[in-house]
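Numbering (the numbering used here), first residue to last: 6 to 243.
Remarks on the structure that follows.
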């Protein structure tokens, strides 16, 4: 219940927290725990306001709504921070930076350089996708969230791309990475780049439908984000 509201809160808080505090995504330390604690407090305030609004409208919660609300809302977490110009493992004269990421669940990050996927996180094999991933619950204990959340980081070169995908698309894409020939993978990467451009949403939806009909893509909601590191931001962060 209210998964959309909860996922929106997660996205807002993760983005705000990792932007303001650089080490939020560096590991399950105090900064990340503070971010999760604030998130839980924001959810509690929203629930109280929602209940009050329902009462004021003469529509108090029904018993089954109370039970669902008490059990909480659930969503995956995937957060990425890019720091330009910091210490990195790139060749002399090259521009780039360092990326940090946190994930709880099966939404995935892929780092692409040219026509190659050079890293992916947090799931390492398409065979590891299941039907019961870990999720961030609105009522979860912050210590438990910190223990279950995975963290990763690494250098990037200017021009690297990051593909962020929810589970259904990520499982299909990781399978393509594992089994496709070089030319086939290049075609997939080029397709996703085209679909990420403004105005191609309907074409993307049609393409996804064709994959579902073919039985190679699970019928689930899809979110896809494409980040290009082709420029440097004014304040050193992206």
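Even for Gly, the Cβ is constructed at its ideal location relative to N, Cα and C.
Since the structure is predicted, the reported quantities are computational estimates derived from the model, not experimental observations.
Residue 175 counts as buried, since no fewer than 16 other beta carbons sit within 10 angstroms of its beta carbon. Straight through space, the alpha carbons of residue 180 and residue 18 are spaced by roughly 31 Å.
Going by beta carbons, residue 127 and residue 155 fall inside the 7 Å limit. About 7 Å separates the CB atoms of residue 106 and residue 158; that is less than 8 Å, so the two are in contact.
Annotated three-state conformation of residue 73 is helix, per DSSP. Bridge partners of residue 229 according to DSSP: 170. Taking every protein chain shown into account, the CB of residue 89 has 16 or more other CB atoms within 10 angstroms, so this residue is buried.
Residue 12 and residue 143 have their C-alpha atoms roughly 10 Å apart. Here residue 27 carries a helix assignment [DSSP, helix/strand/coil]. For the set 172, 207 and 204, the Cα lying nearest the Cα of residue 224 is the one of 172. Residue 25 counts as exposed, since fewer than 16 other beta carbons sit within 10 angstroms of its beta carbon.
For residue 158, no alpha helix (DSSP H) encloses it; the enclosing beta strand (DSSP E) starts and ends at 155-162. As for any alpha helix (DSSP H) of minimum length 4 sitting wholly inside the stretch 44-131, the runs are 68-76, ordered along the chain. Here the alpha carbons of residue 81 and residue 45 stand approximately 15 Å from one another.
Under the 10 Å beta carbon count, residue 150 is surrounded by 16 or more other beta carbons and is classified as buried.
Residue state for residue 140 is assigned as coil, using DSSP reduced to three classes. The C-beta distance from residue 41 to residue 160 rounds to 27 Å, too long to meet the 8 Å contact threshold. Note that the stretch 121-136 touches the stretch 181-190; at least 3 beta-carbon pairs, one per stretch, sit closer than 8 Å.
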